[in-house]
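Heads up: the sequence shown begins at -12 in my numbering, then just goes up one per residue. The structure appears below as structure tokens.
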Amino acid sequence: MKIGVLTYHCPPNFGAQLQAISTIGYLRRMGHEPVMIHWYAKDLEEMYSRRIPKEQILCHEEFTKKVFPLSRRCQTEQELIVEINSLHLDGIIVGSDALFKYTPKRNRRYFSKRKLKYVYNDALSCELIDGNPFFGGFLGKLEEKIPAVVYAASSQNCPFKLMSKKERQQMKDALSHYKYISTRDTWTRQMIETVMQISGIRVFPDPVFSFNQNCYIPIPTKEEILNKYGLRQDYVLLSFSDWYNSPEYVGGIAAELEKAGLQPVAFPMPEKLFSAGISKCINLPLSPIDWYSLIIHSQGYIGERMHPIVVCLHNAIPFFCFDEYGIKENKSLFSKVAYNPTSSKTYLIVSEADFTDNLYSYKGQEKLPMPKDVVTQIQKFNCKKCKQFALQKGRKYEEGMKKVLDSLLILNK
């Protein structure tokens, strides 16, 4: 089958590009012809241009052109419809990643002292329903009906309980165009089941959990990585933003690593490198495949974001996660606002793997862990348990992708 893939494949985000490679690779492995639908909204691109250094954006752009079987670029829903009509696809797979992200109007509403009335903050098109093709509304506007399914979409801890009745109906109408939907986490499953008033939505792993099996481009070896970046065999990556932590705290972790005979290495996010005074650094620009290889050949990862943790779990690499995700909410009308860990995509994965001792939540815990305790968790990491979990997730991924392909095959008969 000729299958279109619609996901976040080109934003300057390491994990997003890795999950897209895995999906394309799986389809090729199964003997299908994948086409990456090259949708990238203009306002999203402009947002990244303000946040990400130009040289890193160019690195991702070159990577995108090199590794993906791209359609023509689409920036609006109408351009997307015209392009899909011209591709003559047998089916469309939407996913994975944070495709069902939505910001309810209630969260965007505030009182303007200047206008003396309530107004709404602007939101990116990908945080709305009409402007976000991932919700599926465009499918009803195609010249020919093309079966479309969703694999492991996430809502990025969307506070869906705050959505109005009208918003829920709008989302339900868009999602109803899909023949099959699965999610990446239980929070998003709860959102979909609530909005669509159904049950039985399946949860399947992020495609990065099968990256080694699906990757169709060379993954640098450890020897290549050590030589290219001048690293020791025993390096540990530290990847933080300066939003939550001070150089003193991150430097304290680095000092504890050195005491343990390990080499601390400052590891960048796409936005920038927070070196925290660490002498050895990996600088931008950095390609997604080198980013992946630096993690899998390390002795450990300490830092933020979700996809580095998925990479670690997939490859049984010791980690300690500083979780920035999740929301606070009222459990009842009479309860205080409290952090709900199950709204964090990272917490859900780490919890499922039974490694919550290796996770600290910025939003749920006040006191930062002692640097020595963080390093101890790296040293005593249970790699055997992690490998078993990785095998389990790999099998679950194969089951989930088979399910979406079988759905397309049935619909094409």
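Each residue gets a CB set at the ideal place from its N, CA and C atoms; glycine is no exception.
Short check: CB of N0 to CB of P205, under 8 angstroms?
Taking the first residue of the sequence shown as position 1, residue 0 is located at position 13. Taking the first residue of the sequence shown as position 1, residue 205 is located at position 218. Contact: no.
Beta-carbon gap between V297 and V195 smaller than 8 angstroms
As a working note, residue 297 is residue 310 in the sequence shown. As a working note, residue 195 is residue 208 in the sequence shown. Taking 8 angstroms as the Cβ cut-off, V297 and V195 qualify as a contacting pair.
Span of the alpha helix (DSSP H) holding I44?
Residue 44 sits at position 57 when you count from the first residue of the sequence shown. Per DSSP, I44 belongs to the alpha helix (DSSP H) from K41 to V54.
Would you grab the beta carbon distance between A135 and G123 for me? Rounded to a whole angstrom, and I think it's under 8 angstroms.
Translated into the one-based positions of the sequence shown, residue 135 becomes position 148. Translated into the one-based positions of the sequence shown, residue 123 becomes position 136. Between G123 and A135 the Cβ distance is about 7 angstroms, and since that is below 8 angstroms, they are a contact.
Reduced DSSP category for K315 - H, G, I as helix; E, B as strand; rest coil:
By 1-based counting over the sequence shown, the position of residue 315 is 328. In this structure, K315 counts as strand in the three-state DSSP scheme.
For N119, which of helix, strand or coil comes out of DSSP?
As a working note, residue 119 is residue 132 in the sequence shown. N119: coil per DSSP, three-state reduction.
Can you tell me which of H25, A377 and I282 puts its alpha carbon nearest to the alpha carbon of I68?
By 1-based counting over the sequence shown, the position of residue 68 is 81. With distances taken between Cα atoms, I68 lies closest to H25.
If contacts are defined as beta-carbon pairs under 8 angstroms, then S9 and D84 qualify, I think. What distance do you get, rounded to the angstrom?
The residue given as residue 9 occupies position 22 in the sequence shown. The residue given as residue 84 occupies position 97 in the sequence shown. Contact flag wrong, Cβ pair sits at about 11 angstroms.
DSSP state of Y236 mapped onto helix, strand, coil
Here residue 236 refers to the residue found at position 249 of the sequence shown. Helix.
Selection from L129, H19 and C145 that minimises the alpha carbon distance to Y312
Along the sequence shown, read from residue 1 onward, the residue named residue 312 stands at position 325. That would be C145, whose Cα lies nearest to the Cα of Y312.
If you follow the alpha helix (DSSP H) that S36 is part of, which residue opens it and which one closes it?
Position 49 of the sequence shown, counted from the first residue, corresponds to residue 36. It spans K29 to R38 - the alpha helix (DSSP H) in which S36 sits, taken as one unbroken run.
Cβ of D360 versus every heavy atom of the ligand MG: is any distance shorter than 7 angstroms?
Within the structure as shown, the ligand MG is missing, as the structure has no ligands at all.
Mapping the DSSP letters down to three states, classify M183 as helix, strand or coil.
Position 196 of the sequence shown, counted from the first residue, corresponds to residue 183. Correct three-state label for M183: helix.
What three-state label does DSSP hand C299 in the structure shown?
Within the sequence shown, numbered from 1, the residue matching residue 299 stands at position 312. Three-state result, C299: helix.
What distance in whole Å lies between the Cβ atoms of F227 and V182, which are believed to be in contact at a cut-off of 8 angstroms?
Here residue 182 is taken as the residue at index 195 of the sequence shown, counted from 1. Here residue 227 is taken as the residue at index 240 of the sequence shown, counted from 1. Actually they are not in contact, since the Cβ atoms of V182 and F227 sit about 35 angstroms apart, beyond 8 angstroms.
Using the beta-carbon count (16 or more within 10 Å), is D344 buried or exposed?
For the purposes of this step, residue 344 is taken as the residue at position 357 of the sequence shown. It is exposed - the Cβ of D344 has fewer than 16 other Cβ atoms within 10 Å.
Determine the DSSP secondary structure at T329, reduced to helix, strand or coil.
Translated into the one-based positions of the sequence shown, residue 329 becomes position 342. It is helical.
Return helix, strand or coil for E258, following the three-state DSSP convention.
Numbered from its first residue, the sequence shown carries residue 258 at position 271. In the structure shown, E258 sits in coil (DSSP, three-state: anything other than H, G, I, E or B).
By Cβ distance, which residues of its chain are closer than 7 angstroms to V54, with the 5 residues on each side in sequence left out?
As a first step, residue 54 is located in the sequence shown; it is residue number 67 there, counting from the start. Here the set comprises I8 and I204.
From this set, L126, V223, P295 and N232, which residue's C-alpha is nearest S266's C-alpha?
Along the sequence shown, one-based indexing puts residue 266 at 279. Of the candidates L126, V223, P295 and N232, the one whose C-alpha sits nearest the C-alpha of S266 is V223.
Residues in the same chain with beta-carbon distance under 6 angstroms from Q250, minus the five sequence neighbours each way, listed in chain order, please.
As a position in the sequence shown, residue 250 is number 263, starting the count at 1. R219, D221 and Y222, listed in sequence order.
Are the beta-carbon atoms belonging to I133 and I79 less than 8 angstroms from one another?
If you number the sequence shown from 1, residue 133 lands on position 146. If you number the sequence shown from 1, residue 79 lands on position 92. For I133 and I79, yes; Cβs fall inside 8 angstroms.
I believe Y167 touches L355 by the beta-carbon criterion, under 8 angstroms. Please report the beta-carbon distance rounded to the nearest angstrom.
As a position in the sequence shown, residue 167 is number 180, starting the count at 1. As a position in the sequence shown, residue 355 is number 368, starting the count at 1. The Cβ separation is near 43 angstroms, so there is no contact.
Does Q4 get closer than 8 angstroms to chain C when you measure Cβ to Cβ?
Absent here is chain C; the protein component of the structure consists of one chain.
F307: first and last residue of the uninterrupted alpha helix (DSSP H) it sits in
Along the sequence shown, one-based indexing puts residue 307 at 320. Counting along the chain, F307 falls outside any alpha helix (DSSP H), though it belongs to the beta strand (DSSP E) covering F306 to D310.
Tell me the DSSP secondary structure of C268 in three-state form.
Against the sequence shown, residue 268 aligns to sequence position 281. DSSP places C268 in strand when its eight states are reduced to three.
Is the beta carbon of F376 sitting closer than 8 angstroms to the one on P305?
Taking the first residue of the sequence shown as 1, we reach residue 376 at position 389. Taking the first residue of the sequence shown as 1, we reach residue 305 at position 318. No, the pair does not count as a contact, with Cβ atoms beyond the cut-off.
Going by beta carbon distance, what residues of the same chain come within less than 7 angstroms of T329, once the five residues before and after it are set aside?
Translated into the one-based positions of the sequence shown, residue 329 becomes position 342. So the qualifying residues of the chain are T173, W174 and L335.
Outcome for I12 when other beta-carbon atoms lying within 10 angstroms are tallied against a minimum of 16
Residue numbering aside, residue 12 sits at position 25 when the sequence shown is read from its first letter. Per the sequence shown, the amino acid found at residue 12 is Gly instead of Ile. Per the 10 Å Cβ criterion, buried.
According to DSSP, is G78 part of a helix, a strand, or is it coil?
By 1-based counting over the sequence shown, the position of residue 78 is 91. G78 falls in the strand class under three-state DSSP.
Reduced DSSP secondary structure (H/G/I, E/B, other) of E20:
As a position in the sequence shown, residue 20 is number 33, starting the count at 1. In the structure shown, E20 sits in a strand (DSSP, three-state: E or B).
Of the listed residues A303, K29, S331 and T363, nearest to I314 (C-alpha basis):
Stepping through the sequence shown from its first residue, residue 314 is reached at position 327. Residue S331 is the option with its Cα nearest to I314.
Could you pull the start and end residues of the alpha helix (DSSP H) that T363 belongs to?
Numbered from 1 along the sequence shown, position 376 holds the residue referred to as residue 363. Note, T363: alpha helix (DSSP H), P358 to Q366.
To the nearest angstrom, report how far apart R171 and S338 are at their CA atoms.
As a first step, residue 171 is located in the sequence shown; it is residue number 184 there, counting from the start. As a first step, residue 338 is located in the sequence shown; it is residue number 351 there, counting from the start. Between R171 and S338, the C-alpha separation is close to 14 angstroms.
What does the alpha-carbon distance come out to for the pair G268 and S233?
Numbered from 1 along the sequence shown, position 281 holds the residue referred to as residue 268. Numbered from 1 along the sequence shown, position 246 holds the residue referred to as residue 233. Per the sequence shown, residue 268 should be read as Cys rather than Gly. Whole-angstrom Cα-Cα distance: 17 angstroms.
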